[in-house]
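S.K.:
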């Protein structure tokens, strides 16, 4: 499969935007607030705007990893492959990022760990689905590469 890094960057931004919208709406769905940009900023001791920029940079970098490594190896349509990929950053966030930020493994140090974990899982799966959907299917990538070669 031909890798398209420009498309991966757009996919990463779109996926991060979709995930962010879900996270900001979490309290409307009965879930704890999940302002990841503010959380990142507080953790790194920087202004909140830079935390949000970091959040989008991380989402874009993960989409580049998806395009480089996972898009051609996972089964299913682009949306299915992306959703499956979303499980990897979710798991990393639960066992590495949460503890670094003081939330504990699987948000065990938060007031509502189960809801935080479910909200994070939902956000990461939406992120992955959008990344995979925007990046495209294997057949679409092959057709694009074939058209470019001719």
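Residue numbers (this note's numbering): 2 to 151. Glycine included, C-beta positions come from ideal geometry on N, C-alpha and C. This one's a predicted model, so the numbers in the text were calculated from it and none came from an experiment.
How many angstroms separate the CA atom of residue 135 from the CA atom of residue 23?
M.R.: 18 Å
S.K.: If I'm right that residue 57 touches residue 14 with Cβ under 8 Å, what's the distance once you round it to whole angstroms?
M.R.: Confirmed, Cβ separation roughly 6 Å.
S.K.: Is it the case that the Cβ atoms of residue 85 and residue 92 are separated by a distance below 7 Å?
M.R.: no
S.K.: Below 8 Å on the Cβ atoms is my guess for residue 9 versus residue 65; work out the distance and round it to an integer in Å.
M.R.: Going by Cβ atoms, the distance from residue 9 to residue 65 rounds to 5 Å, so yes, they are a contact pair.
S.K.: Using the C-alpha atoms, what's the distance from residue 79 back to residue 130?
M.R.: 8 Å
S.K.: Touch check for the segment 110 to 127 and the segment 41 to 58: three-plus C-beta pairs under 8 Å?
M.R.: Contact between the segment 110 to 127 and the segment 41 to 58 is absent, because fewer than three Cβ pairs lie under 8 Å.
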